[in-house]
Amino acid sequence: MPQGRTPARRVAGTRYRSACVSSGRVRRTRGRGAGKERRVIPRIVTTPLAPLALPPRSLAPRRVAPDVIAGALPGPARDRLAAGDVLVVTTGQQPGLFTGPLYTIYKALSATALARRLEKDWRAPVVPVFWVAGDDHDFAEANHTAYLDAKGELAHIVLRERAPDAPLIPLAREPCGPEIARALAQLRDGTPDTEFKAGLIEALARWYQPEASLADAFAAALHALLGPRGLVVLRVHDRSAKRAAAPWVLKGLDVTLADGYTPVFVEARQGRDRLQRQGDRFVTRRSGERFTRVELERIATEAPDRLSPNVLLRPVVEAALLPTVAYAAGPAELEYLPDAAPLYETLGVAPQRPVPRWSGVLVEARVEKLMERHGIDLTAFDGKPGELEARLVRQDLPPDAVATLGTLRSSIEEHYGRLLESAIKVDPTLERTVESARNAALSGAHRSVESSHVDLRGRVARGADDSDHGHSARLAPRALGGATSRRAGRRQRTGRATAGATDRGAGDRSRGGQPLARGDARGAAIRPAPARRSH
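Encoded structure:
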């Protein structure tokens, strides 16, 4: 995706190219008057998920059915989709709080950019479409988001929890509820001021109303943000769109996947439930309800919103309803989408080409200065949280201090060892008392080291402050387009560790996860400065 006209340059000893863009984060500059402000220009480093291979032009443009178009939010983009024979680039995600993970926005922008490129190359109309997976039932993945607070720390907002025994209803019917007011207030009060904040908070409050479903609020927010850029936001949970999809979902009943179930969900007594074929019946996994094929066909006709595809059938249905040439995919999707190949063949649908969505890391100016000062590059941020800071602190400790602390620990161990031998000879019951005293002494030495570390961390931060007009240092660059799911790796689906229901039902959600400093950070797309899962 183009990042402006600024020539790219390499960043702090890395092989990555970068470009300057505005984060919109406003900071006051010392010594220039109380009313003076400046805009910090971060550096975005592209970190490709996979090599980009453009799809071949193997699909002929065609019209999209009116029932499908009825599910799209109105605007010029939908008008283009309905105007005649078109091709489509799709992407999608389950609904999320305040537009969900930041990578959702980058998936949408990636699809938009790819559609423009293909339209220019092919000289044919190519429309970007965002598939809102309102069928998804995983409330624990949609009920929270994250943002960067005024200190640059990652903070979390949780709308509410769903009771463990509650029916797994689709997010298309899960209201935001009265708790949304508190969530909006937390976001407003917790984020630093920018020139965009007031307007964006006001807009979010307009979309995320208590009576609105999470799916509809999400769709409206995405439409308002990116509809003007040509993105079609498709509410697949719309009754007309569900009616158009129903015949393809029914075809999925003829397929049994490796886990023994069909790729079809039905909404039953316990909510959305997978169907397993048993003889001439289909049985729900949790509630044990039994349906005949005729009964499911009747549901498809009279209540199509009760039937939905699973993660593997969903892209097949998508390609059947839309002339889809490519799908902007996250890392998890790039791995599991090939598993859907047999479904395309069985249903007689031409598969779309998975194309990696854009991924990058935002390196703020103060962080880049610290990287240069300490001679580190982006790979240094791949470790566990705190490892890099600890290493920098150890580097800053004078060698004689390190040696002295090591000698102190050794001396404590040696002398208490001798004392323990003597004490046991006098009274074996003294062993535990001596060991406790030794551990207390070692703990005191450890606290002394930690105190030194805290002091040195403060010096590192002050060093960044001095170079960045008094603002606290953040050693990790902000990752763009990803997620840190509260339940990453919570369960297995399609043979992959997942953070929720499905990828797009879980979308680009990190299956396995990636470190915050690289790839993708989870958080609201409204962050004042962009921050794993895309990943």
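Note that this note's numbering has the sequence shown beginning at 27, numbered continuously upward.
Using N, Cα and C, we set each Cβ at its ideal position, and we do this for glycine too.
Notebook entry, point to check: Around the C-beta of Asp178, are 16 or more other C-beta atoms found within 10 angstroms, so that it is buried, or is it exposed?
Noted result: In the sequence on display, residue 178 carries Gly and not Asp. Buried, by the Cβ-count rule.
Short of 6 Å in beta carbon distance, which residues of its chain neighbour Glu328, apart from the five on each side in sequence? Order them along the chain.
none
Self-check item: Ile3 - containing alpha helix (DSSP H), residue span
Solution: Past the boundaries of the shown model lies residue 3; the chain is included only from 27 to 561, so the question cannot be answered.
Checklist entry - Closest by CA to Glu145, which one among Asp111, Pro218, Glu398? => result Asp111
Report back the beta-carbon spacing between Leu85 and Val351 to the nearest angstrom; my notes put them in contact at under 8 Å.
5 Å
(message) When you compare the CB positions of Val342 and Ala366, do they come within less than 9 Å of one another, or not?
(response) yes
- [ ] Determine the contact status of Pro193 and Gln302, defining contact as a CB-CB distance below 9 Å.
- [x] no
Practice problem: Could you tell me whether the Cβ atoms of Tyr353 and Thr171 are closer together than 9 Å? | Solution: no
Measuring alpha carbon to alpha carbon, tell me which residue in Leu197, Val290, Arg199, Leu251 is nearest Thr130.
Leu251
Margin query: Between the alpha carbons of Arg548 and Asp175, how many angstroms are there, rounded?
Written below: Confidence is the limiting factor: at Arg548 the pLDDT is only 33, short of 50, which leaves the residue's position unreliable and the question unanswerable from this model.
| message | Per the DSSP calculation, Asp161 is bridged to which residue(s)? | response | Per DSSP, none; premise fails for Asp161.
Between the CA atoms of Leu418 and Trp233 - distance to the nearest angstrom:
45 Å
Measuring CB atoms only, is the segment 93-103 touching the segment 265-276, in the sense that at least three cross pairs come out at less than 8 Å?
yes
Between the segment 358-376 and the segment 400-412, do at least 3 Cβ pairs fall closer than 8 Å? no
Handout entry: Short Cβ contact (9 Å threshold) for Leu388 with Val71
Key = yes
Alpha helix (DSSP H) segment containing Gln212, residue limits
205-216
Exercise for the section: Quick one: give me the first and last residue of the beta strand (DSSP E) that Arg69 is part of. Expected result: 69-72
ask   = Can you tell which of Leu283, Gly356, Phe308, Pro357 has the C-alpha that lies nearest to the C-alpha of Leu339?
value = Leu283
Identify, in the order they occur along the chain, each residue of the same chain with its Cβ nearer than 7 Å to the Cβ of Gly122, setting aside the five sequence neighbours on each side. Thr130, Ala168, Thr171, Phe244
> In or out: Asn336 buried (at least 16 other Cβ within 10 Å) or exposed?
Replying inline: buried
Q. Among the residues of its own chain, which have a CB less than 7 Å from the CB of Ala134, if the five just before and after it don't count?
A. Thr117, Phe156, Leu248, Leu252, Leu257
Given this structure, state the Cα-to-Cα distance separating Ala189 from Pro196, to the nearest angstrom. 15 Å
| task | In the DSSP assignment, find the beta strand (DSSP E) that holds Tyr173 and state where it starts and stops. | result | 170-174
Return the Cβ separation of Arg355 and Pro380 in integer angstroms, given the expectation that the two are a contact with Cβ distance under 8 Å.
A small fix is needed here, since residue 355 is Ala in this sequence, not Arg. At roughly 4 Å, the Cβ-Cβ gap stays under 8 Å, so Ala355 and Pro380 are in contact.
Exercise. What's the call for Thr288, buried or exposed, on a 16-neighbour Cβ count within 10 Å?
Worked result: buried
Problem - For Pro68 and Val292, the rounded distance between their alpha carbons - result: 47 Å
Does DSSP put Phe156 in a helix, a strand or coil? strand
Proximal residues to Trp148 (C-beta, below 8 Å), its chain only, five neighbours per side dropped: Arg83, Leu113
| query | Would you say Pro382 and Ala181 are within 9 Å of each other, going by their C-beta atoms? | reply | no
Any chance you could list the beta strand (DSSP E) runs of at least 3 consecutive residues sitting entirely within the segment 308-395, in chain order?
316-318, 333-335, 350-355, 379-382, 386-389
Which stretch, first to last residue, makes up the beta strand (DSSP E) that contains His182?
-> 180-184
When you compare the CB positions of Pro273 and Ser239, do they come within less than 9 Å of one another, or not? no
| Anyone know if the C-beta pair for Val158 and Leu260 falls short of 9 Å? | yes
Which stretch, first to last residue, makes up the alpha helix (DSSP H) that contains Phe244?
240-252
### Task
Within 10 angstroms of the Cβ of Lys410, are there 16 or more other Cβ atoms? Answer buried if so, exposed if not.
exposed
Going by DSSP, what residue range makes up the alpha helix (DSSP H) through Ala270?
265-277
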